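In our numbering, the protein residues as written are 37 to 534.
Worksheet: the structure to be examined is printed underneath.
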Amino acid sequence: MINLNYNMPVQLLLKSNEVIQRKSITSYQGKPFIETMTNGYFIVDDKWTVKYWNKAAEKLLGVSENEIAGKNLWQQFAKSIPVEFYAVYHKAFLKDIPVHFQEYWVEMDAWFDVATWYSEDALCVSFKSSNHPYPENPANPQERLNTLTELYRFVTEITNDCLWEWDLGTNEIFWIDGGHKRVFGYPIENTLVPAGFWKSCIHPDDKDRVLLKLREIINQGNECIWEDEYRFKKSDGTYNYVCDRGHIMYDENKIATRIIGATQDISKRVLLEKKLSSQKMEQQHAITRAVMTAMENDRASIGQEIHDNLGQVMIVAKMYMQMVQKSEENRDVNISKALGYIQEVIDVIRKISKTLIIPPSHIIGLLNNIRILITDVMAVHSIKIELHETSIVESELPHELQVNIFRIIQEQVNNILKHSAASRASIELRKHKDQIVLSIKDNGKGCEEKKEKKGVGIINIKSRVELFHGIVSIHSQPGKGYELEAVFPLDLISREPA
37 MINLNYNMPV
47 QLLLKSNEVI
57 QRKSITSYQG
67 KPFIETMTNG
77 YFIVDDKWTV
87 KYWNKAAEKL
97 LGVSENEIAG
107 KNLWQQFAKS
117 IPVEFYAVYH
127 KAFLKDIPVH
137 FQEYWVEMDA
147 WFDVATWYSE
157 DALCVSFKSS
167 NHPYPENPAN
177 PQERLNTLTE
187 LYRFVTEITN
197 DCLWEWDLGT
207 NEIFWIDGGH
217 KRVFGYPIEN
227 TLVPAGFWKS
237 CIHPDDKDRV
247 LLKLREIINQ
257 GNECIWEDEY
267 RFKKSDGTYN
277 YVCDRGHIMY
287 DENKIATRII
297 GATQDISKRV
307 LLEKKLSSQK
317 MEQQHAITRA
327 VMTAMENDRA
337 SIGQEIHDNL
347 GQVMIVAKMY
357 MQMVQKSEEN
367 RDVNISKALG
377 YIQEVIDVIR
387 KISKTLIIPP
397 SHIIGLLNNI
407 RILITDVMAV
417 HSIKIELHET
427 SIVESELPHE
437 LQVNIFRIIQ
447 EQVNNILKHS
457 AASRASIELR
467 KHKDQIVLSI
477 KDNGKGCEEK
487 KEKKGVGIIN
497 IKSRVELFHG
507 IVSIHSQPGK
517 GYELEAVFPL
527 DLISREPA
């Protein structure tokens with residue numbers, strides 16, 4: 037006799053080629069797995085009136101459905117049923133999770149393995165008997181193996197976590213192999229549960245969506261796979277995130293008859309995704325704050341320049357012009373001095389304009405703009421800056437990218453002037469394979485990389501680079517200079533900013 041171990045689906049799959057000829061996934065018409073088991077199943081209301089009694093219950097207890105349907109369960113078995121059964125069933129009515137127990141029934145001379153649920157104002161009972169370890173056809177274990185092998189072939193193509201089969205005709209779900217016990221803590225395995233119990237375990241915020249989608253797929257009559265993610269209640273009342281997948285079986289009239297599937301716990305993945313999403317949002321907030329801070333700093337700097345410098349110069353120029361109006365004495369000298377101060381204001385405004393407005397790249401080009409910036413900086417600061425470019429074709433670079441590259445260089449040059457005390461610096465822009473690489477180095481005092489990465493300036497630069505899916509890296513140590521490198525993927529720089 038073949039010994040069937042329901043906890044070893046892999047072994048069954050390994051044997052599948054020896055006992056059956058594999059068919060396409062949509063052609064499986066084997067017996068429902070429920071029919072291969074000996075589980076009895078019945079439902080009673082809160083007055084113990086029998087509402088449902090399956091074929092296996094008829095065989096196990098020797099009472100047909102016609103004899104007991106609509107009658108009181110305890111009256112029917114008053115002389116034989118153990119008192120312990122009655123006590124446990126009453127207890128089950130007070131709980132919203134399954135109750136599992138084993139008891140010896142003297143009259144039947146058999147041990148009974150029983151699981152009960154309180155669902156939808158009714159008590160559902162699934163049970164097995166030691167006197168009936170095999171289904172109706174014990175002489176043909178090969179058929180049983182074929183059914184199990186085919187079942188596992190379908191299910192393992194989805195997952196092998198918490199296996200189940202749903203008979204849509206009787207609205208019963210068979211929880212297979214103890215996955216729901218292991219993952220969700222329900223004290224049952226290889227046992228029938230009412231579909232209503234499964235539905236009651238779906239989180240209230242997910243329930244309508246999940247059931248509506250399932251009904252729509254089943255009603256289509258041609259979709260074979262149902263899949264959804266939702267929160268599923270555990271035995272302790274908490275919820276796990278799950279991914280449920282099922283293969284829908286149809287009869288010759290395209291009527292769905294049952295679903296074979298599996299439930300997978302994805303809580304770790306979902307929680308990790310939420311954490312990463314939260315971190316990404318926080319990072320975006322940090323970038324936004326850095327950009328806003330940089331803008332406010334620029335405005336404050338310009339405002340201070342206008343107030344403290346230009347304003348005072350214009351007051352002096354106005355004073356000289358007023359002296360000309362009041363007296364002809366030294367008229368030409370006063371006019372000349374006033375014009376000199378006005379020219380000074382014009383020069384400062386031009387300098388500020390260069391900072392704020394970049395000459396159009398299609399007129400003088402990105403590289404020329406960088407050269408002008410370097411020339412202007414070296415004219416007033418004692419630093420030597422070199423520009424190196426390799427394989428750069430400016431016309432291939434989008435205007436927005438050129439503007440951002442210039443702003444990054446401008447920002448980093450200002451950082452070098454303010455913080456590095458460097459005497460030399462270099463700017464390198466090159467095309468390397470499928471990337472545009474910008475590298476800015478100096479021989480200044482350097483810094484600790486961890487501290488620098490949190491600065492407003494570097495965050496502002498990173499935000500500009502990330503607009504074009506680029507990556508920023510920093511290499512620096514105290515006393516050993518500073519290098520900033522920005523890499524832009526060439527296959528993405530022609531697209532719109534993210």
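For glycine and all other residues, C-beta sits at the position ideal for the given N, C-alpha and C.
No experiment lies behind these values; they were computed from the predicted model shown.
- By the neighbour-count criterion, in which a residue is buried when 16 or more other Cβ atoms sit within 10 angstroms of its Cβ, I291 is exposed.
- The residue among V416, N207, N345, D197 with its C-alpha nearest the C-alpha of C279 is D197.
- Note that the region 221-233 does not touch the region 247-254; fewer than 3 beta-carbon pairs, one per stretch, sit closer than 8 angstroms.
- For Q256, the enclosing alpha helix (DSSP H) stretches over residues 240-256.
- It is roughly 20 angstroms from the alpha-carbon of V360 to the alpha-carbon of E380.
- Within the same chain, Cβ atoms closer than 6 angstroms to the Cβ of W234 are found at I209, the five residues on either side in sequence being excluded.
- DSSP places M357 inside the alpha helix (DSSP H), whose first and last residues are 347-362.
- With a contact defined as Cβ atoms closer than 8 angstroms, K477 and S427 miss out at about 19 angstroms.
- Between the alpha carbons of P134 and G232 lies a distance of about 13 angstroms.
- Per DSSP, reduced to three states, the secondary structure at V124 is helical.
- For W262, the beta-bridge partners assigned by DSSP are G282.
- The three-state reading of DSSP puts N108 in strand, counting E and B together.
- Between Y277 and S303, the gap from beta carbon to beta carbon is short of 7 angstroms.
- Within the same chain, Cβ atoms closer than 7 angstroms to the Cβ of F137 are found at V124, V150, the five residues on either side in sequence being excluded.
- Note: F210 is bridge-paired with E201, L228 in the DSSP secondary-structure output.
- For the pair L109 and W84, the CB atoms are nearer than the 7 angstroms cut-off.
- By the CB criterion at 7 angstroms, I445 and I421 fall outside the cutoff.
- Between C260 and I296, the gap from beta carbon to beta carbon reaches 7 angstroms or more.
- Spatial neighbours of R267 in its own chain (CB-CB distance under 8 angstroms, excluding positions within 5 residues in sequence) are listed in chain order as I238, H239, D241, D242, Y275, N276, Y277, V278.
- Per the coordinates, the alpha-carbon of L520 lies some 6 angstroms from the alpha-carbon of S509.
- Shortest Cα-Cα distance from L526 to any of N479, S236, K469 involves K469.
- In the DSSP assignment, no residue is bridged to D368.
- In the three-state DSSP reduction, K95 falls in the helix class (H, G or I).
- Runs of the alpha helix (DSSP H) spanning 4 or more residues and lying entirely within the region 394-447 occur at 397-400, 402-416, in chain order.
- Boundaries of the beta strand (DSSP E) harbouring G76: 76-81, taken from the DSSP string.
- Under the three-state reduction of DSSP output, Y154 falls in the strand class.
- CA-to-CA, the gap between V219 and T299 works out to about 10 angstroms.
- If the five residues before and after L402 are omitted, its C-beta is found closer than 6 angstroms to the C-beta atoms of E430, Q438, all from its own chain and listed in chain order.
- For L159, DSSP records a beta bridge to V80, Y154.
- Remark: C-beta atoms of I452 and F524 do not approach each other more closely than 7 angstroms.
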